[in-house]
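Peer 1:
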Amino acid sequence: MHRLDPRGWSTTDRLVAPAVLAVLIAPVLAAVRALAHGWQPNGDDATIALRTADILDGRFPVTGMRSTSGDGVDPSLSTHHLGPLQFYLLALPLALTGGSAAGLVLGRALIAATASVLSVVWARRLGGALAVTVFTCGVLLTQWAIGPEALFRPFNPYAPLLPVHLALILLWALARGDRRALPPFVVAVSLTAQSNLAFLPLAVLLALAAAALLLWPRTTRGRRRRRVRAHTVSHRWALGLGVLVWLPSLVELVVNQPNNLGQLIRWATSGTGTPIGVVNGAAHLSLIAPVPGGFRRYTEDLLVDGSGPATAVGVAMLVLLVAISTGYKVPRGRASSVWPAGVAPVANLGMLATASRLPEWPLAPYWVITWLPVAAFTRAALARRGLAYLADATPHLPAGIALPLAGALVVGSIVSVPPAHQPDWTETDAMTRVARLAGEDLGPGENRAVQINGLGFVPTLGAAPAIARQAHRQGWEPYYLRTWPFPEDAEHLWGSSAPEGATRLYIVDSTQPELHSGLPPSARRVGTVEMRHREGELGVYRDLGD
């Protein structure tokens, strides 16, 4: 039973509220800062905003964001990420805010906050006040490592980060036989699988582990029958949510030929690329090691800043996890401490599968960003297993210990916010200025078409989507995406799909003058924006031939 204080509150309950407050501080502050700064989407964020706005316009996406799998290799292998789940999750906040950037910020922060709070709630169910303390620290460590930008930006690799930590706790619950964890587990793992193809090995391994736990016969036949009846509601909810979150991807199998699943199989079996392999991939096990050169914040050098000693510690930690997950010499009555230690190696092996498939170059740090919540959970699992040997470390901590811990969690959350990797607003602000410059020149769209052409890397990948999103907000029909080799549900955004007579904009980069030849003679300069985060400036031109 939970120990009660004189007011009738259990010590566990008195710890949960401060823990929930602690995990809400970072997402709330990240959203508030983004809104106060006036953040506007550009690049992939702007494309996500437009794909989400499609839902409000009566178009229903059936594919996720485009993948880089075929880029520079073979256009015939081009694929998308597995699904558009995040678009649908952001649609309601976007609608409630009138399509403004605030909807994207609030929607993303809400996903992060919900996953964080559910992690605390499920930790309470599984291990009382002790588990709340330990795994709240895991959530806070994840929030610190990924930084505030990953808590409010809709960039698709950021969406599943806190849900990954939640999924690991829910897998622990499934191992304990609590089928109530199945519906949220399905959603969390589905979001992980659909967000980025690099996250697929982790999602698949977690799903297989859950299936094995659900099918493993651990009770007598009569007791199993009673449990089946008791869990029917959870199973139905899980099935219904599973169908719902994967329905667009299932529809895509029929409406597009070739479909994305077929393209994914073609890419996976094509033999293209030069993956680094398991041995070199194991070097990234440094990300779970709590030593210099090991676990660190998400930055551009996440994949190249490790060290040999940290890798050795990471490998040793993985071996240790496998050993202690067997339950060898676990103290009597503390068997529940084994399960988190059993979940952690499964997740790390999933990330190792991704690391072994990394190319030698170029490296995108977000391909392994999910290793940060996995590493945070790993630390919490090791701590929970170690505490099993302390006689006083019981699930229901006495008030004299629980209440100071509650205060420490809140203080720790507040203190961890400033050292987190803060957003660099200079590039985002430059893209926003470019979009507003173009928008002021365009004026109200009245459903007219505008083709937006980027001449250069930053103009194409950063500025053109920002302008397209701004134009859409002003009532224009934007066309800016490069033509895809196969049918997709974003054809209405292809630059080549622009109708005759469409207004044409061109964005040029002063640091790439060799590409300015694509600028037609009839184009007039709308204006230029200085790039304060680097050399050069972006110029916006409008074709007078329209």
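Throughout the sequence shown, residue numbering follows full-length UniProt numbering, covering 1 to 546 in sequence. Even for Gly, the Cβ is constructed at its ideal location relative to N, Cα and C. If you're wondering where the values come from, they're calculated on a predicted model, not measured in any experiment.
Note down the Cα distance separating residue 324 from residue 336, rounded to an integer number of angstroms.
Peer 2: 12 Å
Peer 1: Pop quiz: residue 359 and residue 423 are said to be a contact at Cβ under 8 Å. What is the actual Cβ separation, rounded to whole angstroms?
Peer 2: In fact, because the Cβ distance is near 28 Å, the residues do not count as touching under 8 Å.
Peer 1: Spell out a yes or no on whether the region 110-121 and the region 152-166 are touching, meaning 3 or more CB-CB pairs, one atom from each, closer than 8 Å.
Peer 2: As far as the Cβ criterion goes, the region 110-121 touches the region 152-166, which means the pair count is three or higher.
Peer 1: Taking just the CA atoms, how far does residue 467 sit from residue 521?
Peer 2: 22 Å
Peer 1: Ignoring anything shorter than 3 residues, give me the beta strand (DSSP E) runs that lie fully in the region 500-545, in order along the chain.
Peer 2: Segments of the beta strand (DSSP E) lying fully in the region 500-545: 503-509, 523-530 and 537-543.
Peer 1: Less than 7 Å separating the beta-carbons of residue 173 and residue 122?
Peer 2: yes
Peer 1: Could you check where the beta strand (DSSP E) with residue 451 kicks off and where it finishes?
Peer 2: That run of the beta strand (DSSP E) goes 449-455.
Peer 1: Write down the C-beta distance between residue 524 and residue 544 rounded to the nearest angstrom, noting that I regard them as a contact closer than 8 Å.
Peer 2: 5 Å
Peer 1: Which partner residues of residue 481 appear in the DSSP bridge assignment?
Peer 2: 494
Peer 1: Can you list, in chain order, the residues of its chain whose CB lies under 6 Å from that of residue 340, leaving out five sequence neighbours each side?
Peer 2: 172, 381 and 384.
Peer 1: Residue 140 to residue 456, Cα distance in whole Å?
Peer 2: 40 Å
Peer 1: Could you tell me if residue 392 is buried or exposed, where buried requires 16 or more neighbouring beta carbons within 10 angstroms of its beta carbon?
Peer 2: Sixteen is the threshold: since fewer than 16 other Cβ atoms of the shown chains lie within 10 Å of the Cβ of residue 392, the residue is exposed.
Peer 1: What runs of the alpha helix (DSSP H), each 4 residues or longer, lie entirely inside the region 143-225?
Peer 2: Scanning the region 143-225 for uninterrupted alpha helix (DSSP H) segments of 4 residues or longer gives 149-152, 161-175, 182-195 and 200-215, listed from N- to C-terminal end.
Peer 1: Could you check what DSSP says for residue 266 in three-state terms: helix, strand or coil?
Peer 2: helix
Peer 1: Below 8 Å, can you find three or more Cβ-Cβ pairs linking the region 439-459 to the region 397-415?
Peer 2: no
Peer 1: Leaving out five residues before and five after residue 575 in sequence, what residues of the same chain have Cβ atoms less than 7 Å from its Cβ?
Peer 2: For the chain, the structure presents residues 1 to 546; residue 575 sits outside this window and is missing.
Peer 1: When the Cα atoms are used, what is the spatial distance from residue 481 to residue 266?
Peer 2: 24 Å
Peer 1: Mind checking who residue 290 pairs with in its DSSP beta bridge?
Peer 2: According to DSSP, which records beta bridges pairwise, residue 290 is partnered with nothing at all.
Peer 1: Could you tell me the boundaries of the alpha helix (DSSP H) in which residue 311 lies?
Peer 2: 308-324
Peer 1: In terms of DSSP beta bridges, what is residue 66 paired with?
Peer 2: 80
Peer 1: Could you check where the alpha helix (DSSP H) with residue 350 kicks off and where it finishes?
Peer 2: 338-356
Peer 1: State the start and end residues of the unbroken alpha helix (DSSP H) segment that holds residue 386.
Peer 2: Per DSSP, residue 386 belongs to the alpha helix (DSSP H) from 371-387.
Peer 1: State yes or no: is the C-beta of residue 409 within less than 7 Å of the C-beta of residue 19?
Peer 2: yes
Peer 1: With H, G and I counted as helix, E and B as strand and the rest as coil, what does DSSP make of residue 275?
Peer 2: strand
Peer 1: Tell me the residue span of the alpha helix (DSSP H) that contains residue 51.
Peer 2: Per DSSP, residue 51 belongs to the alpha helix (DSSP H) from 43-56.
Peer 1: Run the CB neighbour count on residue 548, radius 10 Å, all protein chains shown included, and call it buried at 16 or more, exposed below.
Peer 2: With the chain covering 1 to 546 only, the question about residue 548 has no answer from this structure.
Peer 1: Tell me whether the beta-carbon of residue 191 lies closer than 7 Å to the beta-carbon of residue 148.
Peer 2: The Cβ-Cβ distance between residue 191 and residue 148 does not fall below 7 Å.
Peer 1: So the alpha helix (DSSP H) residue 440 belongs to, where does it begin and stop?
Peer 2: 425-442
Peer 1: Roughly how many angstroms separate the alpha carbons of residue 58 and residue 102, rounded to a whole number?
Peer 2: 21 Å
Peer 1: Could you check which residue in 437, 513, 326 and 395 has the C-alpha nearest to that of residue 130?
Peer 2: 395
Peer 1: Below 7 Å CB to CB, which residues in the same chain sit around residue 540 once its five sequence neighbours on both sides are set aside?
Peer 2: 434, 437, 438, 505, 507, 526 and 527
Peer 1: Using 10 angstroms around the beta-carbon of residue 366, count the other beta-carbons present and answer buried if the total reaches 16, otherwise exposed.
Peer 2: buried
Peer 1: Ordered along the chain, which non-local residues of its own chain (more than five positions away) have a Cβ less than 6 Å from that of residue 375?
Peer 2: 287, 288 and 295
Peer 1: Which residues in the same chain have their Cβ closer than 8 Å to the Cβ of residue 23, if we skip the five residues on either side of it in sequence?
Peer 2: 113, 116, 117, 119, 120, 136, 139, 140, 143 and 413
Peer 1: Measuring only the C-alpha atoms, how far is residue 77 from residue 404?
Peer 2: 56 Å
Peer 1: Just to check my reading of the structure: residue 511 and residue 535 have Cβ atoms closer than 8 Å, yes? What is that Cβ distance to the nearest angstrom?
Peer 2: 6 Å
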